[in-house]
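Scroll down for the structure; my scribbles are underneath it.
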Amino acid sequence: MDFDPGMNLAEQFRAHAGDRDHLYAHATRGMADDWEAGGPVRQICAGYEDSPPRLMIHLRLLAGIFRLVLTGRAVELRPFYPCLGGQQPPDQAWPLMRAAAAEHIAELRGALDVAPQTNEVGRSAALLTGLFDLVGAAGCDRVRLLELGASAGLNLLLDQFYFSGEGWQYGPADSPVCFPDAVEGPVRPSPFRLTDRRGCDLEPVDVTTEEGRVMLTSFVWPFDLHRHARLAAVLPLAERSPPTVDAASAGEWLAEQLKGPAEPGELTVVWHSITRMYWPESEVQQVLGLLASRGAERQLGQVSLEYGEGAEATAPQLRTSLWQPESGCPVRERLLGTTHEHGIPVRVSAR
Ligand SMILES: C[S@@+](CC[C@H](N)C(=O)[O-])C[C@H]1O[C@@H](n2cnc3c(N)ncnc32)[C@H](O)[C@@H]1O
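Rendered as structure tokens:
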């Protein structure tokens with residue numbers, strides 16, 4: 006996908022489609038034509054015409070339509086959704102999707118306000134790799150984990166997942182959420198215990214409600230069957246031990262969490278994945294400033310899985326930073342490697 010920041014919505018929709026042949030490629034081509042022709046998609050997107058590509062308006066709209074299907078209000082579309090057993094050819098879906106959109110304009114306008122809630126547990130493999138790196142470097146095995154832009158907070162449960170690779174393993178082997186060979190390259194496991202875990206999100210998703218589970222499901226592309234299977238495996242775990250995710254913006258919440266002294270012998274780790282692109286620049290700067298200033302007072306680590314700029318924008322980069330008391334800037338910054346957009350595999354290049 007090649008997005009130019011100056012693209013109008015139709016161009017953004019077509020850029021998403023590219024020359025691909027799946028349901029969402031056909032749908033976004035249909036959306037582009039409909040937007041240009043002044044159809045229901047134009048009405049739904051009224052007021053969003055100047056949205057930059059990073060806001061992913063097409064994914065918000067597609068998720069809104071998927072929720073209509075998941076909640077039984079567009080049953081005629083089920084045969085096109087492979088995760089619901091559908092096997093109909095994707096190139097025939099758009100006219101029915103357009104009709105469903107036309108019937109639910111107000112709801113789908115509301116759907117455009119919801120930033121993509123792809124709470125992807127595959128990204129926990131990147132978090133684990135980053136934690137191993139920081140724990141090993143800090144020599145501290147008690148970790149307080151803080152997640153920014155956590156969505157439902159599923160990745161805060163990483164110590165309930167099982168990861169394994171050549172010569173190493175982590176987590177309960179009987180976990181329903183397993184990641185065999187999720188990390189390519191050298192892994193140096195450093196044992197740690199999570200003493201506390203908590204996240205924030207502008208729009209937290211509550212996995213204990215049906216609405217929350219439908220929300221999460223609606224952002225997983227309907228033909229990504231392995232991701233639907235992974236989400237279905239993690240949801241019961243999360244319902245049993247729901248992660249705490251506060252409704253707050255990243256900067257404001259982090260300032261609150263880093264107030265007061267740290268527990269002695271505890272490493273605070275701030276983690277975020279595929280969320281920074283949605284933050285306003287002022288918030289990016291606020292978070293960076295907080296890390297630098299609080300890192301001068303306590304042991305503080307950061308694990309970040311975010312897209313870079315320009316040529317580095319193709320794959321999320323896994324980075325760690327470590328601050329030690331008395332130092333104003335990170336004493337150790339590492340680019341550990343890159344990952345697939347959904348987290349696995351993690352390709353570790355740093356030694
Ligand atoms: C693509 S999802 C990623 C969720 C999760 N980090 C993951 O990787 O599975 C992006 C998340 O960032 C949240 N978000 C966007 N802007 C935010 C902000 N300024 N502060 C906190 N969360 C934000 C959205 O609500 C959404 O849940």
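The opening position of the sequence shown corresponds to residue 6 in my numbering, with each subsequent residue numbered one higher. All residues carry an ideal CB built from backbone N, CA and C; glycine is no exception.
Per DSSP, the bridge partner or partners of residue i
i      : result
Ser278 : Leu310
Ala252 : Asp206
Phe168 : Tyr175, Phe184
Val148 : Leu199, Leu272
Leu305 : Thr273, Trp328
Glu288 : Glu288 pairs with nothing; no bridge assigned.
Glu189 : Arg352
Leu153 : Cys205, His277
Same chain, Cβ closer than 8 Å to residue i, five either side skipped, listed in chain order
i      : result
Arg147 : Phe197, Arg198, Thr200, Glu268, Gly270, Glu271, Leu272
Arg235 : Val126, Gly127, Val182
Contacting residues, own chain, Cβ-Cβ under 7 Å from residue i (five flanking each side not counted)
i      : result
Thr325 : Gly135, Asp138, Leu139, Gly306, Gln307, Val308, Arg339, Leu341
Ala32  : Leu67, Ala98, Trp99, Met102
Val336 : Leu327, Trp328, Gln329
Phe8   : Gln17, Ala20, Pro58
Arg193 : Phe137, Gly141
Cutoff 6 Å; reference residue i; Cβ partners in own chain excluding five residues on either side
i      : result
Phe71  : Ser223
Ser195 : Phe137, Val140, Gly141
Gly348 : Glu125, Gly127, Arg128, Ala130, Ala131
Val275 : Leu151, Gln307
Leu89  : Arg83
Ala30  : Ala22
Gly69  : Leu113, Ala116
Assigned exposure category for residue i - 16 Cβ within 10 Å defines buried
i      : result
Ser246 : exposed
Ala22  : buried
Leu82  : buried
Gln262 : buried
Thr319 : exposed
Ser287 : exposed
Val2   : Nothing in the structure corresponds to residue 2, since the chain is present only between 6 and 356.
Gly11  : exposed
Trp173 : exposed
Any C-beta of chain D under 8 Å from that of residue i
i      : result
Gln262 : Looking at the structure shown, chain D is missing, and only one protein chain is on hand.
Note down, one range per segment and in chain order, each beta strand (DSSP E) of at least 3 residues found wholly within the stretch 216-270.
250-252
In the stretch 91-140, which residue ranges form an unbroken beta strand (DSSP E) of at least 3 residues, counting only runs that do not cross its ends?
none
Which residue spans inside the stretch 323-356 form an unbroken beta strand (DSSP E) run of at least 3?
337-344, 351-353
Curious, which full-length alpha helix (DSSP H) runs of at least 4 residues does the stretch 15-80 contain?
28-42, 45-49, 62-75
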